[in-house]
Each structure stands twice: as structure tokens, then as C-alpha cells.
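J.: Residue 205 is where the sequence shown starts when you use the working numbering, and the numbers rise one by one after that. Note that CB positions come from ideal geometry on N, CA and C, so glycine has one too. Remember, predicted model here, so these are calculated numbers, not experimental data. Have a look at the structure that comes next, please.
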Amino acid sequence: MPILKKIEDNVREIYKTNFGKYPLSHDFLHVLRVLRLAERIASEEGLKDEKEFLALRLAVFLHDIGIAVTGKKEKHAEVSAQLAEQMLREHGADGELIQLVCQAIREHSWKLQSRPSTMVSAILQDADRLDALGLIGLIRMYTYSVQLGRIFYCEEEPIPRQRQPNDRVYTLDHVYVKLIKISEKMNTRAGKNIAEKRMKKLLEAVKALVEEVQGLD
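Written as C-alpha cells, this is what we have:
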């Protein structure tokens with residue numbers, strides 16, 4: 205059985221076994237969406253090297269494995285890279301492939317703001333961040349906020365215009381603290397094009413949401 209299929213089956217089983225332990229914003233469905241985006245970006249950017257394409261797919265399957273195993277987002281990129289290396293060695297991957305995969309996983313973290321050192325890393329960063337935009341991004345944002353116990357939005361001013369946004373208290377503020385910056389952080393042209401479309405849809409959804417909560421729809 206090819207290593208990609210072995211890793212996919214292994215990862216799928218880990219998510220299934222640990223269901224309820226990790227936030228649903230970072231479930232296996234997230235992994236599959238990131239995979240589709242990564243493959244799309246790789247194709248549009250002309251990634252042709254077979255080893256890099258394999259490394260990209262493996263990195264996608266394993267990029268959040270630390271969250272699935274521990275249930276925590278803290279330092280998950282490093283934890284995921286360590287678990288990925290262990291799994292890849294167990295399945296007989298060579299050193300170059302392991303290095304490509306684990307470096308991309310370490311660099312995908314938004315919090316660390318790592319510059320991608322390879323095309324594999326650049327595409328993984330873009331694909332993972334794109335899943336935080338659009339309508340799916342809005343759903344993921346609110347799903348995760350429930351776990352953190354944050355308020356849906358500020359009653360007095362849902363969209364922060366006269367006040368400083370605070371996404372540690374108000375979920376909707378996360379759009380203006382982090383998500384609105386994603387488009388400008390894209391590494392690839394393909395990623396940026398998708399990000400701009402999804403950001404537009406996200407802001408339209410936020411506008412409709414605010415109109416509803418204010419009774420203006």
C-alpha cells in the first residue's frame with residue numbers, strides 16, 4: 205500500500221478515535237478541505253515535482269495531528285511535526301521526504317508567523333488559512349468560540365468601528381483582529397485570488413448577520 209494511503213487511513217482513524225477531544229473547527233473535514241485547496245493551488249502554481257506533491261499531501265493530512273491527539277491548539281505545529289516524523293518513519297519514508305513534510309507543518313502556524321522555506325510550506329500555509337475564510341470560515345470561527353466561551357458579538361457595537369476589536373471576548377471581532385489580514389498574507393497568486401473571493405463572501409455574511417441582530421433585515 206502506498207505511503208499516502210497508509211497515512212490517510214492512520215490519520216482518519218486517529219480523528220475517529222479521538223472524536224470529542226479536539227475542537228470541531230479542526231476536525232478531519234477541515235483536513236479534507238485543506239487537501240482540496242492545496243491540490244488546487246499546487247496545480248494552478250505549476251507544482252510538478254512528484255516528491256513535493258507527495259510531501260504536500262502528507263503535510264496536509266498531518267498538519268493538525270497534534271490537535272487531534274492532544275485536544276489542544278497550543279504549540280500544535282511543533283507537536284504535529286514531531287508526531288508526523290514518528291509516523292512517517294514507521295511507514296518507511298526517506299529522510300528528504302520527512303524533512304519536507306515536517307518543515308511545512310512547523311511553518312504552517314499563523315501564530316508563529318513563519319516564512320515558508322519551500323513551495324510545499326507556502327502552499328500548505330495558504331490552503332490552511334483559506335479554510336478560515338468564506339462561509340466555512342464563519343462557521344469554524346463560531347464553533348471554536350463556543351468551546352472558548354466567548355460572546356457571539358458586542359451588543360452595543362457588533363462591528364468594531366469606534367472601539368478596539370477584542371476577539372478574546374467577542375467572537376465576531378476575530379474577523380477584524382485576524383481574518384481580514386489573511387488575504388495580504390498569501391504566499392501564492394492562486395491562494396490570493398481565492399482569499400480575496402472568500403474574504404468578500406465573509407464580509408457579506410457579517411453584514412447580513414449584523415443586519416439581522418439589529419433587526420434591520
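The ligand MN heavy atoms versus the CB of P362: any closer than 7 Å?
T.: By its list of ligands, the structure shown contains no ligand whatsoever, and the ligand MN lies outside what it can speak to.
J.: Using three-state DSSP, classify I355 as helix, strand or coil.
T.: Three-state DSSP puts I355 in a strand.
J.: Taking only three categories from DSSP, how would you classify Y348?
T.: Helix.
J.: Could you tell me the alpha carbon to alpha carbon distance between H295 and T322, rounded to whole angstroms?
T.: Each residue's alpha carbon lies about 23 Å from the other.
J.: Count the other CB atoms, across all protein chains shown, that sit within 10 Å of the CB of L406; report buried if there are 16 or more and exposed otherwise.
T.: L406 comes out buried.
J.: DSSP beta-bridge partners for Y374?
T.: Answer by DSSP bridge pairing, in chain order: I355.
J.: Can you tell me the Cβ-Cβ gap for P362 and V417, rounded? I've got them flagged as a contact below 8 Å.
T.: That belief holds up - the Cβ atoms of P362 and V417 are roughly 6 Å apart, short of 8 Å.
J.: Check this for me: beta carbons of E256 and V324, under 8 Å apart or not?
T.: Taking 8 Å as the Cβ cut-off, E256 and V324 qualify as a contacting pair.
J.: Assuming F232 is part of the alpha helix (DSSP H), what are its boundary residues?
T.: Here the alpha helix (DSSP H) through F232 covers 232 to 248.
J.: At what residues does the alpha helix (DSSP H) containing I269 begin and finish?
T.: First-last of the alpha helix (DSSP H) with I269: 269 to 274.
J.: From L260 to D371, what distance separates their C-alpha atoms?
T.: Going by the C-alpha atoms only, they are around 32 Å apart.
J.: Output the distance between the C-alpha atoms of Q307 and H230, rounded to the nearest integer angstrom.
T.: Whole-angstrom Cα-Cα distance: 20 Å.
J.: Give the range of the alpha helix (DSSP H) segment to which K220 is assigned.
T.: Unbroken alpha helix (DSSP H) run through K220: 207 to 221.
J.: Go through its chain and collect everything with a Cβ distance to E472's Cβ below 7 Å, but skip five positions before and after it.
T.: The question about residue 472 has no answer here: the residues shown for the chain are numbered 205 through 421.
J.: Since T375 and R354 are thought to touch, with beta carbons under 8 Å apart, how far apart are those beta carbons, to the nearest angstrom?
T.: Sure, about 5 Å apart at Cβ, within 8 Å.
J.: Given L339, which residues of its chain have a CB within under 7 Å of its CB, disregarding the five upstream and five downstream residues?
T.: Result list for L339: K405, A409, in chain order.
J.: If you run the structure through DSSP and keep just helix, strand and coil, what is E361?
T.: Coil.
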